[in-house]
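Here's the structure, in structure tokens; my notes come after.
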Amino acid sequence: MDRYLKYIKAVVVLIAALGIGLQQFYSAEEMITVNKVLFVAAMAVIVPVILYFFIIFKSEMTKLMKKDSYRSHLMYRFRYLWGALIIGMFAASMYVFYMTYEVVF
Numbered sequence: 001m002d003r004y005l006k007y008i009k010a011v012v013v014l015i016a017a018l019g020i021g022l023q024q025f026y027s028a029e030e031m032i033t034v035n036k037v038l039f040v041a042a043m044a045v046i047v048p049v050i051l052y053f054f055i056i057f058k059s060e061m062t063k064l065m066k067k068d069s070y071r072s073h074l075m076y077r078f079r080y081l082w083g084a085l086i087i088g089m090f091a092a093s094m095y096v097f098y099m100t101y102e103v104v105f
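For what it's worth, UniProt numbering labels the leading residue of the sequence shown as 1, then goes sequentially.
So this is what it looks like as structure tokens:
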């Protein structure tokens with residue numbers, strides 16, 4: 001799973017760098033159109049990733065229930081707390097993403 005997080009971080013940095021680079025070439029009105037296109041492209045990438053996650057969700061849940069798959073005993077004991085924290089962070093990031101959408105559009 002760490003491999004996927006590294007790729008996701010790299011894609012986010014790439015998109016941010018692309019946006020900053022495009023601001024140098026386009027006016028404010030053209031950037032609105034570019035932002036809309038990039039937002040739709042991000043949705044086109046994010047939705048399949050979420051669908052893929054739900055496809056492999058069952059196999060990942062079986063790994064979570066095995067005590068031997070954890071490096072630390074604390075991670076095993078607090079696995080539901082860590083899961084809730086990750087879900088909360090995801091929900092907060094989706095809210096920030098929604099607020100960005102409201103500001104841009």
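Virtual Cβ for every residue (Gly too), placed ideally from N, Cα, C.
Predicted, not measured: the structure shown is a model, and the values here were computed from it.
Of all the options the options, which has the alpha carbon lying nearest to the alpha carbon of residue i?
i     : options                       : result
Met61 : Tyr80, Ala10 and His73        : Tyr80
Arg77 : Ile87, Glu30, Met65 and Gly88 : Met65
Ile46 : Lys58, Ile8, Ala28 and Ala16  : Ile8
Gly19 : Ser59, Lys36 and Met89        : Lys36
So, under 8 angstroms CB-CB, residue i and residue j are touching, yes? Tell me the CB distance rounded to an integer number of Å.
i      : j     : result
Val104 : Phe39 : 7 angstroms
Lys63  : Ser72 : Their Cβ separation, rounded to whole angstroms, is 15 angstroms, which puts Lys63 and Ser72 out of contact at 8 angstroms.
Val26  : Val34 : Checking the sequence shown, residue 26 turns out to be Tyr, not Val. Correct: roughly 6 angstroms between the Cβ atoms.
Considering only residues of the same chain and omitting the five flanking positions on each side of residue i, which have a CB-CB separation below 8 angstroms?
i     : result
Val49 : none
Gln23 : Met31
Among residues of its own chain, excluding the 5 on either side of residue i, which ones have a beta-carbon nearer than 6 angstroms to its beta-carbon?
i     : result
Ala28 : none
**Item:** Ranges of the beta strand (DSSP E) found wholly within the stretch 17-82, counting only runs of at least 3
**Value:** Runs found: none.
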